[in-house]
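In this text, residue positions in the sequence shown follow our numbering: the first is 2, and each later residue adds one.
Cβ coordinates follow ideal geometry from the N, Cα and C atoms, glycine included.
Worksheet for the structure shown next.
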Amino acid sequence: MWPFRSVAEAAAWQQNAGPSGHQPWHLDAGATAQFFTQHYLGFTGVDKIVKVSQQGEQAWVSVGFDNPNGVAAVAAVLHLVRMGGGDTAPWEVVGSEDTTLAISTPPYATAVHPPVTVGGTVTGVDESLRIRILRLDREQPVGESGPIAAGGNGSPWSTAVSIDAACPATLTIVVATGGHVAEVERFAVTGVHCS
């Protein structure tokens, strides 16, 4: 899903740039998750790596922010995998491990067609969900929806999102909520293919 469009692109980085060259943060799961959150998603207020858990070629990175009491709050747990082989294989964000804000429709890695129905569940009070659909080679979202008022315990939410000339491509779907103590307090992501 991010930062590489293909295994071949990751292999080219590994061969040509590598650990001492261009963008060495590709080798650090936490740094990759932080770059994804702040630069690709644009969530600049989500500025802390709260926890990194690695098991072999997979990592789970909790990204968050300090709440008004100075305590780290987790906004999302991002799932990363190493793309390629060896110790210099770069990290790739492939999704998020969701608990109180989740995307279940469309399922991860499925094919979608415009308009894209996006849905899931949320737990919280007075939530305001904003959905964006991103494409790696575009600076602006290819689709947006919201705000959607939501709340409750595991309450379903759903919306149809029009996408602007985005296909064919791999797309990132992100849903975010916030406004209580920070602009973005929680978010979830998934990757899909548009043909």
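Enumerate in chain order the residues of its own chain whose CB-to-CB distance from residue i is below 6 Å, with the five nearest sequence positions on each side excluded.
i	result
Leu137	Arg6
Ala177	Arg131, Val185, Phe188
Gly147	Leu130, Arg131, Ile132
Take residue i as the anchor and find which of the options has the nearest alpha-carbon.
i	options	result
Ala60	Ile50, Asn68, Phe66, Trp14	Ile50
Ala34	Val126, Ala177, Ala76	Ala76
Ala103	Cys168, Phe66, Ser159	Ser159
Cys168	His114, Ile174, Arg131	His114
Asn154	Thr45, Arg139, Thr89, Asp127	Asp127
Asp67	Val162, Gln55, Val47	Val47
Arg83	Arg139, Met2, Ile134	Met2
Lys52	Gly65, Leu42, Tyr41	Gly65
Thr122	Gly152, Leu135, Ala110	Gly152
Thr173	Gly144, Gly179, Val182	Gly144
Leu28	Ala90, Gly125, Ala183	Ala90
Gly57	Ser163, Phe37, Gly85, Thr38	Gly85
Give me, in chain order, the residues of the same chain whose beta-carbon lies closer than 8 Å to that of residue i; leave out the 5 immediate sequence neighbours on both sides.
i	result
Leu81	Ala30, Thr33, Ala34, Gln59, Ala60, Trp61, Val62, Trp92, Glu93, Val94, Val95
Trp14	Phe5, His23, Gln24, His27, Pro91
DSSP on residue i, reduced to helix/strand/coil?
i	result
Ala189	strand
Ala144	Checking the sequence, you will find Gly at residue 144 rather than Ala. Strand.
Leu137	coil
Ala73	strand
Val123	strand
Phe37	helix
Ala161	strand
Ala103	strand
Glu200	Past the edges of the chain, shown from 2 to 196, lies residue 200, and the structure says nothing about it.
### Query
If we count Cβ pairs, one from each stretch, closer than 8 Å, do we get three or more for the stretch 88-99 versus the stretch 182-195?
Yes: at least three Cβ pairs fall under 8 Å.
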